[in-house]
Amino acid sequence: MGKEYETVIGLEVHVELATKTKIFCGCSTAFGAEPNAHTCPVCTGMPGSLPVLNKQVVEYAMAVGLATNCDITKYSKFDRKNYFYPDNPQNYQISQLYLPICRNGYVEIKGDDGMKKVGIHEIHMEEDAGKLIHSEWDDCSMVDYNRSGVPLIEIVSEPDMRSAEEVIAYLEKLRMTIQYLGASDCKLNEGSMRADVNLSVREKGAKEFGTRTEMKNLNSFKAISRAIENERQRQIDLIEDGEKVMQETRRWDDTKEYSYPMRSKEDAQDYRYFPEPDLVPIVIDDEWIERIKAAQPEFREAKMERYTKEMGIPEYDADIITSAKSLADIFEETVALGANAKKVSNYLMGETMRLLKEHNMDAEDIRFSPVNLAKLLKLIDDNAINSSVAKEVFEKIFTDDIDPEKYVEENGLKMDNDEDGLRKIIEEVVANNPQSVEDYHNGKEKAIGFLVGQTMKATQGKANPGIINKILKELL
329 MGKEYETVIG
339 LEVHVELATK
349 TKIFCGCSTA
359 FGAEPNAHTC
369 PVCTGMPGSL
379 PVLNKQVVEY
389 AMAVGLATNC
399 DITKYSKFDR
409 KNYFYPDNPQ
419 NYQISQLYLP
429 ICRNGYVEIK
439 GDDGMKKVGI
449 HEIHMEEDAG
459 KLIHSEWDDC
469 SMVDYNRSGV
479 PLIEIVSEPD
489 MRSAEEVIAY
499 LEKLRMTIQY
509 LGASDCKLNE
519 GSMRADVNLS
529 VREKGAKEFG
539 TRTEMKNLNS
549 FKAISRAIEN
559 ERQRQIDLIE
569 DGEKVMQETR
579 RWDDTKEYSY
589 PMRSKEDAQD
599 YRYFPEPDLV
609 PIVIDDEWIE
619 RIKAAQPEFR
629 EAKMERYTKE
639 MGIPEYDADI
649 ITSAKSLADI
659 FEETVALGAN
669 AKKVSNYLMG
679 ETMRLLKEHN
689 MDAEDIRFSP
699 VNLAKLLKLI
709 DDNAINSSVA
719 KEVFEKIFTD
729 DIDPEKYVEE
739 NGLKMDNDED
749 GLRKIIEEVV
759 ANNPQSVEDY
769 HNGKEKAIGF
779 LVGQTMKATQ
789 GKANPGIINK
799 ILKELL
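All residue numbers in the sequence shown are consecutive under the numbering used here, ending with 804.
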């Protein structure tokens with residue numbers, strides 16, 4: 329029987345904050361601009377330029393800290409972390425080492441053995457670095473400083489996680505909390521949420537931690553899971569072979585599913601940290617903390633409870649709708665406009681989810697307005713359109729946010745509720761399909777479905793199915 333091993337994991341999660349401007353200057357933080365379009369002397373590190381702190385960054389950091397049960401540091405400072413790298417224009421990064429803004433928090437997750445708290449050691453504010461773009465043609469690297477100076481918070485967990493599943497549960501909880509706060513969109517694919525994984529293994533029951541490695545370049549939950557499994561196995565193999573695990577930073581290559589060493593891990597003293605002389609300390613009083621507390625939104629757990637208890641929708645529905653703040657917002661606003669909660673939830677869980685999948689979109693990318701969804705549901709309730717037309721109209725709402733009332737009017741999609749007119753059409757359908765009539769009389773209930781279909785065809789899908797069924801049964 330081989331030895332049993334336990335994996336010990338801690339995370340450093342970087343989150344780009346949703347401010348309109350950078351942390352120490354007025355440049356835009358918008359994603360996807362031409363290289364170096366969003367830059368100025370401050371964020372390109374020109375001599376003599378001075379940083380000025382963006383207040384919104386402090387408020388977002390406090391909001392995330394409060395939502396993750398942290399203590400807010402009432403006297404916090406910035407420090408310089410010195411290192412030389414082409415994407416780091418000042419040759420130092422303004423960060424927080426000695427007095428970070430938030431400390432000693434936790435989030436609760438579903439762990440491998442029931443609910444568990446994952447400790448948060450600290451959350452600190454810092455600026456992002458630029459981005460190096462390596463040219464394949466000219467054998468050179470170019471620097472884009474658009475991202476340089478974009479505000480980040482770094483959330484440093486305690487080494488409390490024991491599996492890839494726990495890590496993903498922790499990241500999903502963080503992402504959900506931060507999205508609900510509106511502090512970041514947390515899109516891993518755009519780099520607005522990035523996680524570095526610190527991992528070590530030890531024999532089951534051992535008190536001491538093993539030697540840890542840090543893995544970078546993880547930009548999806550799947551990549552994080554794969555990297556953890558791979559690194560765990562790599563370290564166990566080394567230990568079993570009597571070799572030592574080296575403390576180092578490794579880079580994960582998700583296409584090759586392999587990690588390779590980047591550099592041996594530096595300690596804090598290698599960065600020659602010292603207090604940032606160009607920025608004053610941040611003094612936070614109780615009143616400011618209370619203000620941020622009062623502005624905190626209703627989080628997912630509270631929403632779920634309210635939806636099931638007050639709005640009477642099933643827990644399954646509530647779970648899906650609250651999984652993204654954008655869905656919850658649309659749900660609440662549509663219901664506030666007078667729509668039935670269960671009908672709204674059916675549309676969000678059915679058609680909306682289907683179209684998101686088809687268009688390869690996230691819930692955050694939804695662009696249609698609750699007003700138009702409410703109008704569509706009213707058209708259905710008023711028997712103005714039938715269910716197949718409703719589906720077609722909703723697709724247009726989803727892609728182009730059209731006004732359903734106008735669209736139905738302009739395209740002549742109103743349901744035909746004219747009984748006399750329909751009776752004439754149905755009499756013709758019955759006369760033209762003697763076989764189906766005979767089948768129906770011989771006890772084949774399904775035959776009526778064919779006749780309904782033929783009638784729908786004759787009315788271009790606009791007839792009221794209820795009326796068709798009623799008249800057919802009378803005639804037959």
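Glycine included, every Cβ here is placed at the ideal spot set by N, Cα and C.
Taken in chain order, the complete alpha helix (DSSP H) segments of 4 or more residues contained in the stretch 500-536 number zero; there are none. In this structure, the beta-carbon distance from F549 to I496 falls below 7 angstroms.
Annotation: K532 to S491 spans about 14 angstroms, alpha carbon to alpha carbon. No Cβ-Cβ contact shorter than 7 angstroms links E455 with I610.
Pairing D729 with R682 gives a Cβ-Cβ distance that is not under 7 angstroms. Collapsing the DSSP output to three states places E773 in coil.
S528 places its beta carbon less than 7 angstroms from that of V336.
Comparing alpha-carbon positions, the option among I567, I658, P762, Y675 lying closest to K331 turns out to be I567. DSSP lists Y420 as the bridge partner or partners of N410. Cβ-Cβ distances below 7 angstroms link L502 to V341, V435, I483 in the same chain, with the five nearest sequence neighbours on each side left out; the list follows chain order. Boundaries of the beta strand (DSSP E) around D472: 468-472. Contiguous beta strand (DSSP E) elements confined to the stretch 574-605 occur at 576-581, 586-592, taking only those with 3 or more residues. In this structure, S404 keeps its C-beta atom at 7 angstroms or more from the C-beta atom of L381. One alpha carbon belongs to P762, the other to K785, and they sit about 18 angstroms apart.
When DSSP states are grouped into helix, strand and coil, K459 belongs to the strand group. A direct Cα-Cα distance of roughly 10 angstroms separates Q507 from E692. For the set S715, N364, Y601, the Cα lying nearest the Cα of M470 is the one of N364.
Under a 10 Å Cβ-count criterion, Y413 is classified as exposed, with fewer than 16 other Cβ atoms of the shown protein chains found around its own Cβ.
In this model, N517 and E585 are separated by some 18 angstroms (Cα to Cα). Non-local beta-carbon contacts of R600 in its own chain, meaning distances under 6 angstroms to residues more than five positions away in sequence, involve N410 in chain order.
Ranking Y333, A712, D647, F359 by CA distance to the CA of L345 puts F359 first.
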